[in-house]
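Scroll down for the structure; my scribbles are underneath it.
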Amino acid sequence: MGIEPTLVDRKGKDLCELSEETNSRSRRNRRRQKKMVQKLFEACKDVFASGGTDYIPPQADVDRLRAILDKMTPEDVGLTPEMRYFRILAADEPPIITYLCLHECDKFSIGIFCLPPSGVIPLHNHPGMTVFSKLLFGSMHIKSYDWAIDVPSYPTAVPNPAQSQSPGVKLAKVKVDADLTAPCNTSILYPADCNMHCFKAVTACAFLDVLGPPYSDRDGRHCTYYFDYPFSSFSVDGVSVPEGESEGYSWLQEREEVDDLIVVGALYQGPKIVTK
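My numbering applies: residue 3 is where the sequence shown begins, and numbers increase by one.
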């Protein structure tokens, strides 16, 4: 039984049109990816041009950066959940967290943290920095704190006797304690507001960080990690919180060592940023 030539021609034409449509969509996606990363870089360059330690961008600039980040997707930076960064490699060791640096200068940095399931970035601060964090995919638990106002630090022993010689504890108020699932809005930390946070991956996830300015030991912007303890762990004369609100407060203590965190750098392979 023969096949009509017209049917063969029609099928061939359909396949060609489908191939052209696929190629066209792929080109559009590549252009969008390059456009989004470059757009983010250009915005950061403008927003943090005159910035430094303790600089807070004007609200219009905050809104501009947040709007760009809110629209960013994993595809815009060349990531998929199937990549090796998001696998647990050894069950008896802390999950390895991968950091991809897109750009860093003395004014700002743009980078991506890739977390396997159960990966944790412990509680840490951002001294004198404004921080934008965008969850690109997956789910994570985030907890953030502000220092409680007008409460000094107390050089008291902590529940763990092994830490009794460590620096004192200081009272902090919980600002956010919730699970986030992409897509979701960008989170923002300010130099004097909601400046400490920690992350735990509920599923494999990736988040993009913009720091303005970035960490710098030379300029006094050193990353400090903390233990956090329930408010009820300590009884300090003259320190109280409103009745029924003790769960909204914790005592934080600086950590001298962070042996449960493994972060490795990897080459960013997404759309390149043109810096000139």
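We put the CB at the ideal spot given by N, CA and C, even for glycine.
The model shown is predicted, which means the values in this text are computed figures rather than measured ones.
Contact between the segment 111–130 and the segment 176–190 is absent: fewer than 3 CB-CB pairs across the two stretches fall below 8 Å. Val171 is classed as buried because its beta carbon has at least 16 other beta carbons within 10 Å across all chains shown. Counting along the chain, the unbroken alpha helix (DSSP H) around Leu67 starts and ends at Gln61 to Lys73. Listed as beta-bridge partners of Glu256 by DSSP are Tyr228.
The C-alpha of Val178 is placed about 22 Å away from the C-alpha of Phe236. For Glu95, the three-state secondary structure derived from DSSP is coil.
Its Cα nearest to that of Pro59, the residue Gly214 stands out among Ala93, Ser135, Leu269 and Gly214. Per DSSP, reduced to three states, the secondary structure at Lys109 is coil, with no helix or strand assignment. Taking C-alpha positions only, Ile151 is separated from Leu104 by approximately 36 Å. Between the segment 138–145 and the segment 206–223 there are three or more inter-stretch CB-CB distances shorter than 8 Å, so the stretches are counted as touching. Taking 9 Å as the cut-off, the beta carbon of Asp230 is found no closer than this to the beta carbon of Ala194.
Three or more Cβ pairs closer than 8 Å define a contact, and the segment 243–262 falls short of that threshold against the segment 70–81. Listed as beta-bridge partners of Gly53 by DSSP are no residues whatsoever. Within a 10 Å sphere around the beta-carbon of Asp63 sit 16 or more other beta-carbons, which makes this residue buried.
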